[in-house]
Amino acid sequence: MRFPLRHALLLLALVLPLGVSAQGTDTPGGEPEAEATGPGIRFNGLGRTFIQQTDLGGTLAEADTVTSETRADGEFLLDLAVNAQPNRVTEVQGVIRLRNEFGGFFGSGVTVELRELWARGIIADAVRYRLGDMNLALTPYTVFLPDEDGTVNTPEIFQPQREIIDYEEFYTGRNERRFQGGRVDFGLNFDQVLSAVEVRTFLARLRGTDFSTTPTRLLSGGRVGATSRPIGPFGNQATLGANLAYTWDDLESGDANSGIRNIVYTFDADIRLLDQDGLALHLKGEAGESIAAVRERMEPADAEPTEENLFSDDDTFIEAGLAADLKGAGLNVSAMFVNVGPEFYSAAAQSKRVDYGRALGSFARIGNDRAARRFGLFDLSRDESIYTFRVADELMPYDPRYSNTLPYGRATPNRRGVRVDAAYAPEGGPITAGLEAAFLREIRGQGTEELKDFLLVRAEADVPIGQIASLDRRIGATLGLQVENTSRGGVPVEAVDLTSVLFEAGLSAEVYDRLDVLLGATLRQSSGRDYVPQYIDFNDIRRFPAPFVTDDQESLLGAGIRYRFADQVYLTVQYQSYSYGDDATPEDDYRLGQVFALYSMNF
Amino acid sequence: MPSLSFTPRLLTAALALVVIFGATGCDHVTDPDGPRLIDTFGPFAIGDPVGADRATVDFAAGQQVVFSGTFSKQVDWVLEITGLESGAVRRIEGFSDELNATNAVWQGRTTNLPFFKQEDVEAALFVPSENSDTTRVTIAVDAPRTYPGNVFSDFEGGEDIFIGNFEFEFENAGISNEVPAGEGETFYLMRGTDDVVRNFFAGLIDVRPDNGGIFDVPTTVPEDLYFNFMIRSFETDFTIAVVQLVVDDNGTGAYELDQDAIFPFGDIEVDFEEGWRLFSKPVSELGLSEEEAQNIVGVRVVLISDANSQPTPALQVAFGIDYITFTAGSPLEL
Chain A
1 MRFPLRHALL LLALVLPLGV SAQGTDTPGG EPEAEATGPG IRFNGLGRTF IQQTDLGGTL
61 AEADTVTSET RADGEFLLDL AVNAQPNRVT EVQGVIRLRN EFGGFFGSGV TVELRELWAR
121 GIIADAVRYR LGDMNLALTP YTVFLPDEDG TVNTPEIFQP QREIIDYEEF YTGRNERRFQ
181 GGRVDFGLNF DQVLSAVEVR TFLARLRGTD FSTTPTRLLS GGRVGATSRP IGPFGNQATL
241 GANLAYTWDD LESGDANSGI RNIVYTFDAD IRLLDQDGLA LHLKGEAGES IAAVRERMEP
301 ADAEPTEENL FSDDDTFIEA GLAADLKGAG LNVSAMFVNV GPEFYSAAAQ SKRVDYGRAL
361 GSFARIGNDR AARRFGLFDL SRDESIYTFR VADELMPYDP RYSNTLPYGR ATPNRRGVRV
421 DAAYAPEGGP ITAGLEAAFL REIRGQGTEE LKDFLLVRAE ADVPIGQIAS LDRRIGATLG
481 LQVENTSRGG VPVEAVDLTS VLFEAGLSAE VYDRLDVLLG ATLRQSSGRD YVPQYIDFND
541 IRRFPAPFVT DDQESLLGAG IRYRFADQVY LTVQYQSYSY GDDATPEDDY RLGQVFALYS
601 MNF
Chain B
604 MPSLSFTPRL LTAALALVVI FGATGCDHVT DPDGPRLIDT FGPFAIGDPV GADRATVDFA
664 AGQQVVFSGT FSKQVDWVLE ITGLESGAVR RIEGFSDELN ATNAVWQGRT TNLPFFKQED
724 VEAALFVPSE NSDTTRVTIA VDAPRTYPGN VFSDFEGGED IFIGNFEFEF ENAGISNEVP
784 AGEGETFYLM RGTDDVVRNF FAGLIDVRPD NGGIFDVPTT VPEDLYFNFM IRSFETDFTI
844 AVVQLVVDDN GTGAYELDQD AIFPFGDIEV DFEEGWRLFS KPVSELGLSE EEAQNIVGVR
904 VVLISDANSQ PTPALQVAFG IDYITFTAGS PLEL
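Each protein sequence line maps, in turn, to chains A and B. Take the first sequence: its letters are residues 1 to 603, numbered as in the working numbering. Take the second sequence: its letters are residues 604 to 937, numbered as in the working numbering.
Here it is, written out as structure tokens:
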């Protein structure tokens, strides 16, 4: 199945001459347009220095005679971007990283590497291309990076550490994934019936072959979308799209004789039923199918090589509902019916940010018995070593305390029910808020005929206190809340009842010109029992380890100051205290205290 | 107004899309995924102990025994049927919460030789992973299973056996019931010490068919005609069993010593764990042609003492042989 890329390029070649009025599609996220600046060479980049000291304490540490209680680390880092624009339609950029670990002098701990390299431009004022490193997202079921675990609305005091994770893992905030490859985008404008047609194709290499049993893995696909012209007194308009994400192993690379195929094709629609008197009503949705297979390549001595499926799964999904935009009130509400099949597998949409199979970067083992420390808010908020942007070839492990309803984002398989979203952002109004609720149920039982029920509520609000009080200072508060409940009936051994509550609050107050005081807290409490399966063959359950039983709580508290030299240049000094406790094992309670200073500069 | 006609069309198209997508998107696999939780984490208990659907069984008449029993969850269970006289063992294993006609049927076969015989047997049911109690039931075997094939000799008496005890090294050899036979009541015990003339050779027997002529084989296709026999180890060191087929080579239709062709099965080092083992090969592997397969007139069994390894004085060597049989199409299935 190599046709998608070939056909997409063929389609592109056929469509190009038909363009009546062509336009380059916008690149979301504010990347500078190639033609926006004149020819020349520019230097920009990021400089960052941080030093931190972490102390281990608590009941566990008092009895622990093995683990070192204090650790200090940090780094000095400079990412120097060289941006060359030989003409108004071509741009090349390379980012060279110079990094020195804290305490590494005279060459020790120093690394020099190429972090990023890409070229982009516009052909004939119509077709936009990019080669090299690129960020890409299609739809939540095809190519998409699900949201992070353990936070809803990160308090500003914890933002610097999260920004480091985002920067290191190329998380853009637009659910895009980082790839290496090439893409081509273009759009066409029309005068009748259709308003615009947008086309995007891409090809990325997810990994290279080891010239042995690991084949090269590639991802290709694209999107074709068409938007009609508004018609009638109600402003009816339809946007329809077709999307494809195709992940495959090239079995001609290396000596590999087996690999995966994962085809996901979807159709999405956004039909504006009404746009009148400040009210817009949309019928929206996406539906599609996935096919996941393990293929084997056979090379008989006296015949042409052949490939056949060793294993194959396919399933479908649909998400459809109504969305209302009350423009005057700044309120956007939607209600969607969701039905994602248990065998639905989309590698580039379901791969998580956090790899719960990795070892923690700090205090990975504690206690006299050197037990592996559980992932906690402390780690999720700062440990970049547990984050990844890789595309996995089976469902990744997850921690039900942080995300159990939709651990793989909206594309989480085996879910059926209703999802309600609301966003409140009045034009010119000071307060913004959001609410997400999901009432879902499994389609297929896991280890039992009984089905789990999921309830998820996420709420967030940003309150610009300074603006409300008409103060000439930047003072703002943030709130975040996530409540999750998972339940299942059946005989006692099958029963599940797990509740988790995550609460976040943050305050940022400018007490002197550009000098901010930062306060923040993230609290989580979980209790109950569930089963977390281990997967095999994309998304089949291999086994259930021991029941996941928890009655634990953790808190991450922070206080500090920040001085903003300029918009993207600041120095912050903070103290953060983290504590973890489990009622079942109070002797293993511990806390981590961390002092750190961070200087960050974008130039 | 064009706009008024467009809206219903748009709505209709939208609803059609939803119906189509909904219809195709709601059909999923719904059987439980993964191992059953109750099997992995549920408490284990024996429900009904092992039982049998009959107290006596005649396997020769085609009867069989269906065992029953229940557990509180699916487990890996073992049903071990042991002959109280023969020591034969039939082992049936399964993963389920119930023993029934689909997974616990005994047709008289054995897992470990010897064969069952007319005797009482005890069936014991247990679950190794749960360290469970063992429940038992006893059954009387009125007649053992009749195995397919043409039996050349089962050493139950009356065979035409030439004993080649040329150097008088056999010791208490002959048809014996010293230990349970591989089949029936008796077997042939080859036992001796290579210390009269130390030359590897301790003794032999030539076994002829009952009629003294050519043995009637179930097939004459060498690749399909399997030569089977049981050898019993007594764990005596330096013991080698040589078993040979004798084929009429001079057209007399009978076995004449030193005049007919010999086809060796291959040396068998009888140093394995004490007990019976089955040996099988198609006669084509012994080198018999189709014509030769139609002219089998004897089986020679030789007791060899490995003189190169024997200490001085040489130790006694021994093995037993039983149930020499020819089967068609496949080796003798236990």
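Where a beta carbon is used, it is the ideal one built from N, C-alpha and C, also for glycine.
query: Determine whether the Cβ of B/V632 lies closer than 8 Å to any Cβ atom of chain A.; result: yes
query: Less than 8 Å between C-beta atoms, sequence neighbours within five positions excluded: which residues of the same chain meet that for A/P586?; result: T59
query: Rounding to the nearest angstrom, what Cα-Cα distance links A/A323 and A/G341 in this structure?; result: 23 Å
query: Within the continuous beta strand (DSSP E) that includes B/V886, where are the two ends?; result: Looking at the DSSP string, B/V886 is not in any beta strand (DSSP E); the run it does join, the alpha helix (DSSP H), is 886 to 889.
query: Where are the beta strand (DSSP E) runs, 3 residues long or more, that stay fully inside the stretch 840 to 902 of chain B, in chain order?; result: 842 to 850, 864 to 867, 878 to 885
query: B/G637 versus chain A: which residues are under 8 Å apart at the beta carbon?; result: Q446, G447, P533, D540, I541, R542, R543, F544
query: Mind reading off the beta-carbon distance from A/E460 to A/I165? Whole number of angstroms is fine, and I expect it under 8 Å.; result: No, A/E460 and A/I165 are not in contact; Cβ-Cβ is about 19 Å, not under 8 Å.
query: Given that a residue counts as buried once 16 or more other Cβ atoms are within 10 Å of its Cβ, and exposed if not, what is A/G208?; result: exposed
query: Between which two residues does the alpha helix (DSSP H) carrying B/L687 extend?; result: Neither: B/L687 is in no alpha helix (DSSP H) and is coded neither H nor E.
query: Going by CA-CA distance only, name the one from A/N332, A/R178, A/V532 that's closest to A/P397.; result: A/V532
query: From A/D421 to A/V66, what distance separates their C-alpha atoms?; result: 49 Å
query: Specify whether the stretch 479 to 495 of chain A and the stretch 448 to 460 of chain A touch according to this definition: at least 3 beta carbon pairs, one from each stretch, less than 8 Å apart.; result: yes
query: If we ignore side chains and look at the alpha-carbon of each, how far apart do A/E343 and A/S212 end up?; result: 30 Å
query: Going along the stretch 874 to 893 of chain B in order, which residues come within less than 7 Å of chain A, judged by CB to CB distance?; result: none
query: Just the Cα atoms here: how many angstroms apart are B/E701 and B/V653?; result: 10 Å
query: Show which residues of chain A have a CB atom less than 7 Å away from the CB atom of B/L640.; result: G447, T448, V493, E494, Y531, F544
query: Rounded to whole angstroms, what's the CA-CA distance from A/D583 to A/D552? Just pull it up for me.; result: 6 Å
query: Thinking just about the alpha-carbon of each residue, which of A/R162, A/E304, A/V143 is nearest to the one in A/T151?; result: A/R162
query: Which residue comes first and which comes last in the beta strand (DSSP E) that contains A/I468?; result: Note, A/I468: premise wrong, no beta strand (DSSP E); alpha helix (DSSP H) at 465 to 468.
query: 8 Å is my cut-off, CB to CB: does B/T705 come that close to chain A?; result: no
query: Kindly indicate if chain A contains any beta-carbon less than 8 Å away from that of B/F719.; result: no
query: Could you compute how far the alpha carbon of A/I263 sits from the alpha carbon of A/L218?; result: 12 Å
query: CB-CB under 8 Å to B/F698, same chain, minus the five flanking residues each way: which ones, in chain order?; result: Q677, V678, D679, W680
query: Do B/R748 and B/G690 have their C-beta atoms within less than 8 Å of each other?; result: no
query: Would you identify the three-state DSSP class for A/G24, choosing helix, strand or coil?; result: Confidence in A/G24 is poor, its pLDDT being 37 and thus under 50, which makes the residue's placement unreliable; the coordinate value appears in the next sentence. Three-state DSSP puts A/G24 in coil, outside helix and strand.
query: Closest to B/P825 by C-alpha separation, out of B/Y858, B/N911, B/L889, would be which residue?; result: B/L889
query: Can you check which of these residues, A/Q594, A/A597, A/P547, A/Q525, is closest to A/G581 by C-alpha distance?; result: A/Q525
query: What would DSSP say about A/A411, mapped onto helix, strand or coil?; result: helix
query: Checking 8 Å against the spacing of the C-beta atoms, do B/W879 and B/L716 come in under that value?; result: yes
query: Counting only C-beta atoms, is A/D315 closer than 8 Å to chain B at any point?; result: yes
query: Let me make sure I understand the geometry here. Which of A/L281, A/L471, A/L251, A/N243 has the alpha-carbon closest to that of A/D268?; result: A/N243
query: Going by beta carbon distance, what residues of the same chain come within less than 6 Å of B/F773, once the five residues before and after it are set aside?; result: G795, G806
query: Once DSSP output is grouped into helix, strand and coil, what is the label at A/F503?; result: strand
query: Out of A/A293, A/M298, A/I231, which has the shortest C-alpha to C-alpha gap to A/A256?; result: A/M298
query: What are the boundary residues of the beta strand (DSSP E) that includes A/F76?; result: 70 to 87
query: Within the continuous alpha helix (DSSP H) that includes A/L377, where are the two ends?; result: 377 to 380
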